[in-house]
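Note that the protein sequences, when read in sequence, are chains R and V.
Numbering (numbering that gives the first Met the number 0) for the first sequence: 0 to 115.
Numbering (numbering that gives the first Met the number 0) for the second sequence: 0 to 115.
Protein chains: 2
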Amino acid sequence: MRDFILQAKAISDETRIRILKLLEKGEFCVCQLMDILDMKQSTVSKHLGILKTAGLVECRKNGTWTFYKLSNNLINNYNLDFLKLLSCLKDDFLIQEDKKRLKEIAKQDIRILCKS
Amino acid sequence: MRDFILQAKAISDETRIRILKLLEKGEFCVCQLMDILDMKQSTVSKHLGILKTAGLVECRKNGTWTFYKLSNNLINNYNLDFLKLLSCLKDDFLIQEDKKRLKEIAKQDIRILCKS
DNA sequence: TTCTTTTATCACGATATAACAATATAATAA
DNA sequence: TTATTATATTGTTATATCGTGATAAAAGAA
Numbered sequence: 000m001r002d003f004i005l006q007a008k009a010i011s012d013e014t015r016i017r018i019l020k021l022l023e024k025g026e027f028c029v030c031q032l033m034d035i036l037d038m039k040q041s042t043v044s045k046h047l048g049i050l051k052t053a054g055l056v057e058c059r060k061n062g063t064w065t066f067y068k069l070s071n072n073l074i075n076n077y078n079l080d081f082l083k084l085l086s087c088l089k090d091d092f093l094i095q096e097d098k099k100r101l102k103e104i105a106k107q108d109i110r111i112l113c114k115s
Numbered sequence: 000m001r002d003f004i005l006q007a008k009a010i011s012d013e014t015r016i017r018i019l020k021l022l023e024k025g026e027f028c029v030c031q032l033m034d035i036l037d038m039k040q041s042t043v044s045k046h047l048g049i050l051k052t053a054g055l056v057e058c059r060k061n062g063t064w065t066f067y068k069l070s071n072n073l074i075n076n077y078n079l080d081f082l083k084l085l086s087c088l089k090d091d092f093l094i095q096e097d098k099k100r101l102k103e104i105a106k107q108d109i110r111i112l113c114k115s
């Protein structure tokens, strides 16, 4: 039950839902997500930590960057079910705007984007 | 998204998970749940209110009693999915104990049980 | 009516969570 | 080495949530 609650809480926050819906589109580093969400680095990093602890996302390091993506293997008993549930969530206005912004920043060189 | 978060939060609490797992076994009034959960009336009633607002449970009045059960029709976009997800949750020790207690009180006359 | 029973709601203290600034850590470049 | 960049962690403040006592509301019995 502890794991289940951890994951249910993880998807109970607007910011974390926004992050997960973005990660459905690919793999992103913290500074890219900062830019799209328009939130401070510590805030984004903390939310990603919560999602990682819950087993909903995985990350890989590349130099100073950390890239996050959705977990695609069974980390605990329910993580894939929770992600599936979220994939059924219809995009509301906020998510749609995030995805528009995503398309813009996806074109940009990450080395330039993250310095700004 | 608002509804989704409401339901995700509703299943993010140990007490509410215990209630939902009990309601998988049938229909119960507040005082029966109080007895099984060993919690105060205001606490149980509040949790049931949260579950009702989230569309996860329904209730019917019979005299002074209010009987709660799991929603079995589509109240919002996700309620059945959330209940399905919860039905996959493996019973841990606490839930097992609740179900044992449930079997005991199910035999008893509700008019006597609820007066004690 | 008055009393009892059951449930819902309000108010409160304790705890948890959110966003953020400041700081620490780790990798790389100069 | 020192400086820079990206991320993680810590501490603070504001808000949200949990459990509970007190109260209110609704139904029925006396």
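Each residue gets a CB set at the ideal place from its N, CA and C atoms; glycine is no exception.
The structure displayed is predicted, hence computed values, not measured ones.
So with CB distances below 8 Å, who are the chain V contacts of residue i?
i, result
"serine 11 (chain R)", "Ile4, Ala7, Lys8, Ser11"
Which of the three DSSP states is assigned to residue i in this structure?
i, result
"leucine 69 (chain R)", "strand"
"lysine 20 (chain R)", "helix"
"alanine 30 (chain V)", "The question names alanine, yet the displayed sequence has cysteine at residue 30 (chain V). If DSSP states are grouped into helix, strand and coil, cysteine 30 (chain V) belongs with the helices."
"asparagine 78 (chain R)", "helix"
"lysine 98 (chain R)", "helix"
"leucine 8 (chain V)", "In the sequence under discussion, the amino acid at residue 8 (chain V) is lysine, which differs from the leucine named in the question. Helix."
"lysine 114 (chain R)", "coil"
"lysine 39 (chain R)", "coil"
"lysine 51 (chain R)", "helix"
"aspartate 2 (chain R)", "helix"
"leucine 84 (chain V)", "helix"
"lysine 45 (chain R)", "helix"
"lysine 89 (chain V)", "coil"
What residues in its chain sit with their C-beta under 6 Å from that of residue i, if we drop five residues either side in the sequence?
i, result
"cysteine 30 (chain R)", "Cys113"
"glutamate 26 (chain V)", "Phe66, Lys68"
Leaving aside the five residues before and after residue i along the sequence, list all residues of the same chain whose C-beta is less than 7 Å from its C-beta, in chain order.
i, result
"arginine 15 (chain V)", "Ala9, His46, Ile49, Leu50"
"arginine 17 (chain V)", "Leu36, Leu93, Ile94, Asp97"
"leucine 21 (chain V)", "Phe27, Leu32, Ile35, Asp97, Leu101"
"glutamate 23 (chain V)", "Leu69, Ser86"
"arginine 59 (chain V)", "Phe66"
"tryptophan 64 (chain V)", "Cys28"
"lysine 99 (chain V)", "none"
Which chain R residues are close to residue i, counting only those with a beta carbon under 9 Å from its beta carbon?
i, result
"isoleucine 16 (chain V)", "Met0, Phe3, Ile4, Ala7"
Taking Cβ-Cβ distances shorter than 8 Å, what residues in chain R pair up with residue i?
i, result
"lysine 89 (chain V)", "Asn76"
"leucine 82 (chain V)", "Ordered by position in chain R, no residue passes the 8 Å Cβ test against leucine 82 (chain V), which lies about 11 Å from the chain."
Please work out which residues of its chain come closer than 8 Å, Cβ to Cβ, to residue i, disregarding the five sequence neighbours upstream and downstream, and give them in chain order.
i, result
"glutamine 6 (chain V)", "Ala53, Gly54, Leu55, Asn75, Tyr77, Asn78, Phe81"
"serine 44 (chain V)", "Val29"
Per DSSP, which one or two residues make a beta bridge with residue i?
i, result
"glutamate 13 (chain R)", "For glutamate 13 (chain R), which the question treats as bridged, DSSP gives no partner whatsoever."
"glutamate 57 (chain R)", "R:Lys68"
* Given a limit of 7 Å on CB to CB distance, which residues of the stretch 16–48 of chain R reach chain V? -> Answer set for the stretch 16–48 of chain R: Ile16.
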